[in-house]
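Just so you know, our numbering puts the end of the sequence shown at 402, numbered straight through with nothing missing. A virtual CB, placed ideally from N, CA and C, is assigned to each residue, including glycine.
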Amino acid sequence: MQLPISRAEAEAMDAADPLAHLRAEFILADDLLYLDGNSLGPLTKRAKARVEAAVAAEWGEGLIRSWNTAGWIDLPRRIAGKIAPLIGAAADDLAVCDSTSVNLFKVLSAALQRDDGRRVILSDRRNFPTDLYVADGIADQFGATLRLSDDPPADLSSDVAVLMLTEVDYRSGHKYDMAAVTAAAHAVGATVIWDLAHSAGAFPVDLMGADADYAVGCGYKYLNGGPGAPAFLWVHPRNQNKVPALRGWFGHARPFAFDAGFAPAAGTARYYVGTAPVLSMTALDAALDVMDGVDLATVARKSAELAAIMIGQVEAGTDDLTLISPRDPAVRGSQISFRHERGEGYALCQAAIAQGLIGDYREPDVVRFGFAPLYVRHVDAFDAGVLLAGIARERTYDRPEFYARAAVT
Ligand SMILES: *Cc1c(COP(=O)(O)O)cnc(C)c1O
């Protein structure tokens, strides 16, 4: 692709796009440029219908009987079966529950159980803050040390118990080589936890192929499960003998025996804690059907095209935005970020949103756009690049209302 391309070329790419039909699964205004599916995936028609039916019939009429009659009790397992092929895992090695943060607590507490006395958790200084906060709390509670590095694979040493990384950096989009980094960690005897928040559903992930130890991931980003959707965790079979520090009745071998003592359920079922949020589970379960049979290599290829188209338009249209993401899609997740030369990225982002281009802002001064190829078209990437470059060039963001900070950026 010779950049920048023309809008007619973008239209031609849409016409030949094997994923184009999937956009009709989503409830999205035709003129909205939604490049924030990496933060919150949009509503699918299937999830809307399923949740409405679950509220009216399953909750409204079935009441408590629905745990059995509507199969509520099996929802997490059903969802695990749909997430598993997206991440190179077996469904039995997954648990679908809680938030990514809480799941990270659970797998970290298990990963630190070692016979060799190692107590160091090594992570990336730029990791998503919640991951670092959870690790900090775990370190406090379990007598471990959180060690932050600018280049964790280079800082692997024989005192590291756990290497905890997010595969794709939320700010820059930089993507680790999961297999190579896992092998390097294993070479010094460390266990590896991967956060797949910006990976699952965006490109092929192969946890078993990479020989990872643990993983966690998010249900409301590329999996489109809805705001606060249940997250997931994965544990390699060789690590499933450990029992996490956070225990509840849904992780008991016999929850309805109401024993006073905890007896862990087999495998990853012991990672369940409390009652599942059934309506949120229902939304995620329905949304995942959109991905059934979708080839993630095709998704990743289209993502690279979308990013290239937008980068081409932005760089052709303004000198005020600098790409801070890797140019090579092989080392980048499904997002691109720009730094604003005059530090006005926040206002720029607000002005773009006011004109129907939704991305988001991340400190310090990063404007970020995610590409979810199930519903983002090539013309959307083209139009987004033209619009963003125009706002930066004309400085139409320079108005007081665009500088006002909202609670959520
Ligand atoms: C989005 C994200 C999370 C989200 O955590 P929640 O507990 O679901 O709020 C966690 N880690 C990373 C790396 C993320 O990008």
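- Cys342 and Gly336 have their alpha carbons spaced roughly 12 Å apart.
- Burial check for Phe251: the Cβ neighbour count within 10 Å stays below 16, so the residue is exposed.
- The alpha-carbon of Leu(-4) is positioned some 11 Å away from that of Phe375.
- Judged by DSSP secondary structure, Ile329 falls outside any alpha helix (DSSP H) and instead within the beta strand (DSSP E) spanning 328 to 333.
- Annotation: Phe135 is outside any beta strand (DSSP E); the continuous alpha helix (DSSP H) that includes it extends over 122 to 135.
- Gly352 places its beta carbon 8 Å or farther from that of Leu25.
- Less than 8 Å divides the Cβ of Asp86 from the Cβ of Trp227.
- A straight-line Cα-Cα distance of about 43 Å links Phe19 and Ala256.
- When beta bridges are read from the DSSP output, His371 appears opposite no residue.
- Cβ-Cβ distances below 6 Å link Ala103 to Lys235, Pro237 in the same chain, with the five nearest sequence neighbours on each side left out; the list follows chain order.
- By the neighbour-count definition (other C-beta atoms within 10 Å, threshold 16), Val44 is a buried residue.
- In the DSSP secondary-structure assignment, Ser142 is bridged to Asp117.
- With a cutoff of 8 Å on beta-carbon distance, Asp278 and Ile76 are scored as not near each other.
- According to DSSP, Pro257 shares a beta bridge with His245.
- Per the coordinates, the alpha-carbon of Arg140 lies some 15 Å from the alpha-carbon of Thr123.
- Residue ranges of uninterrupted beta strand (DSSP E) with 3 or more members, entirely inside the stretch 35 to 100 and ordered along the chain, are 87 to 90.
- With a cutoff of 8 Å on beta-carbon distance, Tyr163 and Phe135 are scored as not near each other.
- Under the DSSP assignment, Phe395 falls in the alpha helix (DSSP H) whose first and last residues are 393 to 396.
- In this structure, the straight-line span from the alpha carbon of Ala280 to that of Pro248 is close to 29 Å.
- The way I'd put it, the stretch 199 to 217 doesn't touch the stretch 42 to 59; fewer than three beta-carbon pairs between them come closer than 8 Å.
- Non-local beta-carbon contacts of Ser192 in its own chain, meaning distances under 6 Å to residues more than five positions away in sequence, involve Glu160, Val161, Val198 in chain order.
- Following the DSSP letters along the chain, one finds Ile346 inside the alpha helix (DSSP H) bounded by residues 338 to 347.
- Taking Leu105 as the centre and dropping the five residues before and after it, the same chain places the C-beta of Arg112, Ile114, Ile131, Phe135, Ala137, Ala154, Val155 closer than 8 Å to its C-beta, in chain order.
- Of the heavy atoms belonging to ligand 1, at least one sits nearer than 7 Å to the Cβ of Ala190.
- Between Ala297 and Pro319, the C-beta gap is not smaller than 8 Å, which leaves the two residues out of contact.
- Under the DSSP assignment, Ala269 falls outside any alpha helix (DSSP H); it carries neither an H nor an E label.
- The C-alpha of Ala344 lies about 12 Å from the C-alpha of Glu387.
- Assigned with DSSP and collapsed to three states, Asp199 falls in coil, not helix or strand.
- Where Val155 is concerned, the enclosing beta strand (DSSP E) starts and stops at 153 to 159.
- Thr184 is bridged by DSSP to Val155.
- The alpha-carbon separation between Val369 and Ser273 amounts to approximately 24 Å.
- In the structure shown, the three-state DSSP call for His14 is helix.
- Scanning Ile384, Pro366, Ala301, Arg0 for the CA closest to the CA of His14 turns up Pro366.
- By alpha-carbon distance to Ala183, the top candidate from Ala222, Asn232, Pro35, Leu316 is Asn232.
- By alpha-carbon distance to Ala190, the top candidate from Val307, Leu36, Gly326 is Gly326.
- From the listed residues Ala178, Ala290, Val209, the smallest Cα separation to Ala88 is found for Val209.
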